[in-house]
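What follows is one structure encoded as structure tokens, with my remarks underneath.
Protein chains in written order, with full-length UniProt numbering: chain G, 1 to 291; chain C, 1 to 279; chain L, 1 to 591.
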């Protein structure tokens with residue numbers, strides 16, 4: 001597989017790669033389903049939500065193989081978290097796929113010794129950092145391209161930056177610590193040497209030393225840029241020819257006064273209707289059979 | 001038969017019980033039924049969806065967007081999406097927009113900001129509903145086959161089928177592992193402010209339960225991969241013939257063309273309407 | 001015994017095969033030479049760790065292609081050397097049903113599963129092939145079922161059908177009885193017999209339940225420690241080697257054991273074949289017993305006295321309990337329908353019944369994991385609806401069916417300590433040491449539970465339960481998938497419980513356990529209690545056993561055939577019974 005740096009890692013057979021892929025896919029997928037359903041606690045702008053169990057693919061990336069762990073996790077998220085729940089988001093998934101895959105892959109590459117806690121801590125924050133950063137950039141981009149004359153609207157650019165920046169920091173500190181750093185530090189040393197026999201393989205040789213420079217090869221950097229370009233392109237397809245519907249500008253002036261309330265209203269109506277539907281169903285049921 | 005209301009108070013465990021979540025998940029995942037859209041060729045639907053997922057980004061005319069929204073909302077209704085999906089969508093949209101609005105006001109924005117954001121919300125709504133309408137009613141296996149025929153690697157469609165197979169088992173196992181922690185562990189005696197101690201305990205064991213789950217799944221995976229070898233999967237991935245045979249059932253029928261044409265006419269009409277009456 | 005295998009060329013031929021897993025310290029197979037003839041129905045028996053599964057994985061090339069260990073010697077399958085052919089190529093000839101067959105099923109529905117392999121091999125008619133496989137096993141009606149909704153027996157059948165879809169010549173089934181209850185295992189064997197007789201498939205089973213070997217197989221291979229083949233014999237000859245089998249922890253059929261014991265007492269060496277099936281045994285003893293029955297009225301009690309609890313506050317009390325699950329369609333599906341039950345101190349209850357009869361639900365209600373929809377469950381005076389499972393766990397230990405779902409700590413010692421540590425108890429070391437010693441886990445305490453053998457895993461879960469010092473212990477299928485030696489050991493360990501635990505409830509399919517251990521038997525069917533009695537009486541109701549899909553131990557069945565009432569519950573009782581009969585009658589019977 002990946003040349004250069006990867007040859008130094010201990011070799012895996014195709015079947016073992018498939019095992020890692022399946023493991024990462026099913027476990028991250030299941031965790032994703034669970035986190036999708038856990039409600040979030042919001043105290044003002046501070047969100048306490050379970051973003052994702054990023055530690056799961058990270059474990060496999062560190063213990064086995066970053067590429068297959070990352071691919072498996074991305075597939076797992078799309079399959080379990082979206083497809084099976086009927087929430088497949090179409091193109092939006094591509095963006096998540098690339099951000100997340102890249103994050104896990106790079107973080108996994110950084111760890112050369114699974115028993116070194118410092119490396120693990122760095123990997124944990126790098127993983128969530130890359131993912132969140134790319135996500136933030138894309139989100140800002142969305143507003144930028146979704147709103148005409150973005151910069152001309154007073155207050156909007158600042159507020160978007162503030163919100164996204166805050167969300168980024170929040171995710172880094174809360175999710176990064178609770179769901180990346182702590183579980184990684186706790187689980188990697190425990191699993192190392194223990195999970196491998198169950199899969200019928202030898203533990204990865206922690207002594208295969210190489211400097212960070214070995215891992216951050218030109219190839220990796222190029223790949224990163226390439227991936228990022230694809231991510232950008234997928235999202236900002238519009239940018240290249242934003243005026244292709246050339247009569248659009250006529251309508252700027254015509255934007256209705258209460259327009260925001262229409263869309264807010266539609267969303268609210270859906271929300272309320274769904275709530276009523278859900279509640280009316282629930283009240284028809286008995287309670288108390290499970291714990 | 002109606003049963004008496006139990007006397008005990010429902011605890012946080014019951015509201016969030018994995019068992020309940022399991023039922024909810026299984027219902028969404030396995031409860032597919034025939035809907036209007038599910039009768040069409042999945043590849044055609046993906047194409048159809050792609051238009052509605054991309055086009056709104058370039059359209060700033062609210063008449064057109066609202067017209068699209070109406071049609072897609074109707075289609076979404078026919079595809080009977082789960083309440084859960086709708087709640088998640090609506091909640092996200094409402095809070096995000098409201099939140100952004102408040103912050104924008106704080107930065108001295110005002111009505112113009114609100115106005116600009118309304119278009120964005122409308123666009124996002126069209127895109128999100130389009131994906132719900134198409135994908136929530138589509139059998140995941142059919143979708144994965146469609147993606148396979150559009151060049152997605154075979155591992156993906158295997159993953160979908162495997163996910164279908166394993167989902168209930170993994171959830172059950174996770175549930176039992178959580179029970180193991182509960183039956184042998186000790187929940188905090190005091191609930192704490194707003195039950196935060198209970199919440200922390202619950203959060204902690206739901207993360208911890210992944211530790212044995214990883215080990216169990218690892219053991220399970222070994223046999224699975226052996227079986228895949230025996231069943232020839234590892235070879236089939238590289239064989240284009242297998243893909244052709246597997247996808248032979250996907251056919252674009254006249255009704256697919258009809259659907260595309262009707263959609264095209266509708267969209268054209270919307271653009272005309274948009275040029276006449278602008279919101 | 002007839003030998004139908006007439007083809008000259010054996011379908012599988014091993015020549016001096018030695019194999020060692022990568023990184024292992026000893027060889028798993030040692031100089032194995034073996035020929036299996038076309039059309040044979042052959043059993044591979046041997047104690048744990050004798051290389052049975054390793055041997056069978058040589059047949060379809062998983063060894064050495066997939067497991068890249070050190071291999072010597074040659075394996076020919078239908079004339080093809082396994083070293084030169086891919087696993088996929090060989091899979092067209094040899095099908096394999098794994099012991100943990102659940103993990104072999106990778107598709108969502110049965111139909112999908114059976115079509116999967118033919119599709120992967122690029123057969124245009126893959127659907128037809130899949131359907132054919134279902135037809136051969138007569139399970140077409142299952143084709144649209146979701147795999148996860150099938151029962152264990154149906155899953156095994158689906159795995160078998162999927163293996164058949166490539167139309168192989170040889171079918172290898174790894175321990176079908178281990179994961180299934182006896183009634184379902186019998187169904188599987190009937191299908192294998194059908195495949196063998198009607199379709200001419202060669203069947204290889206890994207099996208140590210000799211009663212199945214006796215009923216279905218023609219030949220058997222005995223493996224011994226170190227991966228050597230001890231001998232290959234016809235089944236009747238092989239199973240007659242009672243002492244040799246017993247030495248290797250393989251228990252011959254009960255009727256054969258009884259015959260062996262009775263025969264050697266008379267020291268008659270006539271070289272006649274032992275009876276190995278009920279039919280043979282019944283034919284053999286019926287003249288004797290018919291004469292004897294009016295000579296000796298059974299009189300004294302052979303059955304251990306059952307202690308039906310008398311008076312006192314019950315430990316557990318069910319009052320009109322209805323409970324169940326919520327189905328996918330959000331409809332409530334009641335599993336238990338109006339259960340009234342008292343469990344008293346001293347009760348050793350075997351809870352039996354078919355799958356879905358509500359056994360597990362009943363156990364979960366006692367543990368507090370589930371609460372009644374209607375009615376009330378009281379455990380030591382506590383209403384389970386008003387207490388959490390955490391609170392109840394001070395009184396009740398619940399051991400899950402799957403031991404791996406109970407291994408939540410780093411090693412088994414920590415698993416055993418978990419409960420007490422969570423309660424911050426001091427000075428537990430001596431107690432833990434004692435528990436480890438009593439359950440023979442001292443040597444294993446630093447290992448992970450998942451890497452232990454089935455028997456060791458069960459011992460560990462029992463130790464975990466013991467360390468909780470419960471008043472009531474609940475066990476879900478503790479003897480499933482154990483070989484006979486481990487099962488016996490476990491039954492002995494149950495006696496350890498008696499000192500501390502006031503009542504034990506075991507949900508089980510294992511009729512031997514019912515006969516040997518229980519003093520109270522509750523038969524459940526469709527959410528109701530059919531029968532609540534002692535272990536002797538339960539076997540006198542064949543119609544109830546039938547309804548609950550249970551099969552009585554062979555010796556009990558034999559007594560039924562011979563008209564011995566009350567039935568003997570164990571081989572020992574049967575021997576004692578027979579020995580009380582006039583000696584000359586027996587001699588007469590044997591000739």
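No residue lacks a Cβ here, since even glycine has one placed at the ideal position from N, Cα and C.
- Residue 105 of chain C has its alpha-carbon roughly 10 Å from the corresponding atom of residue 99 of chain C.
- In the structure shown, residue 581 of chain L falls within a coil segment according to DSSP collapsed to helix, strand and coil.
- Per DSSP, the continuous beta strand (DSSP E) segment holding residue 223 of chain L begins and ends at 219 to 224.
- About 18 Å separates the CB atoms of residue 130 of chain L and residue 241 of chain C; that is not less than 8 Å, and the two are not in contact.
- With its beta carbon less than 8 Å from one in chain G, residue 214 of chain C belongs to the interface.
- Counting only unbroken stretches of 4 or more residues, the alpha helix (DSSP H) elements lying wholly within the region 428 to 460 of chain L are 429 to 438, in sequence order.
- Nearest CB-CB separation between residue 190 of chain L and chain C: not below the 8 Å threshold.
- For residue 42 of chain C, the closest Cβ of chain G is not nearer than 8 Å.
- With contact defined as three or more Cβ pairs closer than 8 Å, the region 557 to 564 of chain L and the region 190 to 208 of chain L are not in contact.
- The continuous alpha helix (DSSP H) containing residue 131 of chain L extends over residues 126 to 136.
- Secondary structure within the region 41 to 84 of chain L: the alpha helix (DSSP H) runs of 4 or more consecutive residues, fully enclosed, are 52 to 59 (chain order).
- 180, 181, 182, 183, 184, 185, 186 and 187: these are the residues of the region 180 to 199 of chain C whose beta carbon lies less than 7 Å from some beta carbon of chain L, given in chain order.
- The DSSP-derived three-state label of residue 336 of chain L is strand.
- From the listed residues L/115, L/119 and L/262, the smallest Cα separation to residue 571 of chain L is found for L/262.
- Within chain G, not a single residue places a beta-carbon under 9 Å from that of residue 420 of chain L; the smallest gap is close to 21 Å.
- Every alpha helix (DSSP H) of 4 residues or more that sits fully in the region 122 to 198 of chain G is shown, in chain order, as 156 to 170 and 182 to 191.
- Put simply, the backbone Cα of residue 23 of chain C is about 15 Å away from that of residue 165 of chain C.
- In this structure the region 345 to 356 of chain L touches the region 495 to 504 of chain L; the number of beta carbon pairs closer than 8 Å is three or more.
- Considered as a whole, the region 182 to 235 of chain L harbours 202 to 206, 219 to 224 and 228 to 234 as its complete beta strand (DSSP E) runs of no fewer than 3 residues, in chain order.
- Bounds of any beta strand (DSSP E) do not take in residue 116 of chain G, whose DSSP letter is neither H nor E.
- Assignment of alpha helix (DSSP H) within the region 548 to 576 of chain L, counting only whole runs of 4 or more residues, yields 554 to 562 in chain order.
- 142, 143, 145, 146, 147, 148, 149, 150, 152, 153, 154 and 155: these are the residues of the region 127 to 155 of chain G whose beta carbon lies less than 9 Å from some beta carbon of chain C, given in chain order.
- Contact between residue 203 of chain L and residue 41 of chain L holds, with the beta-carbon distance rounding to 5 Å and staying under 8 Å.
- DSSP, reduced to helix, strand and coil, places residue 354 of chain L outside both helices and strands of the structure shown, so it counts as coil.
- Under the 8 Å Cβ criterion, the region 176 to 185 of chain L counts as touching the region 146 to 164 of chain L, having at least three qualifying pairs.
- Residue 324 of chain L is bridged by DSSP to L/334.
- Here DSSP, grouped into helix, strand and coil, assigns residue 172 of chain C to helix.
- Taking every protein chain shown into account, the CB of residue 126 of chain L has 16 or more other CB atoms within 10 angstroms, so this residue is buried.
- For residue 105 of chain L, the C-beta contacts it makes with chain C under 7 Å involve 165, in order along the chain.
- Put simply, of L/312, L/365, L/341 and L/313 the residue whose alpha carbon is nearest the alpha carbon of residue 335 of chain L is L/365.
- For residue 162 of chain C, the neighbours in chain L by C-beta distance under 7 Å run, in chain order, 106.
- Look at the region 385 to 398 of chain L: the residues with a C-beta under 7 Å from a C-beta of chain C are 385, 386, 388, 389, 390, 393 and 398.
- If only uninterrupted alpha helix (DSSP H) runs of at least 4 residues are considered, those enclosed by the region 129 to 161 of chain C are 140 to 149.
- Following the DSSP letters along the chain, one finds residue 205 of chain C inside the alpha helix (DSSP H) bounded by residues 196 to 208.
- Counting along the chain, residue 157 of chain L sits inside the alpha helix (DSSP H) bounded by residues 152 to 164.
- Our two residues, residue 240 of chain L and residue 540 of chain L, have alpha carbons roughly 30 Å apart in a direct line.
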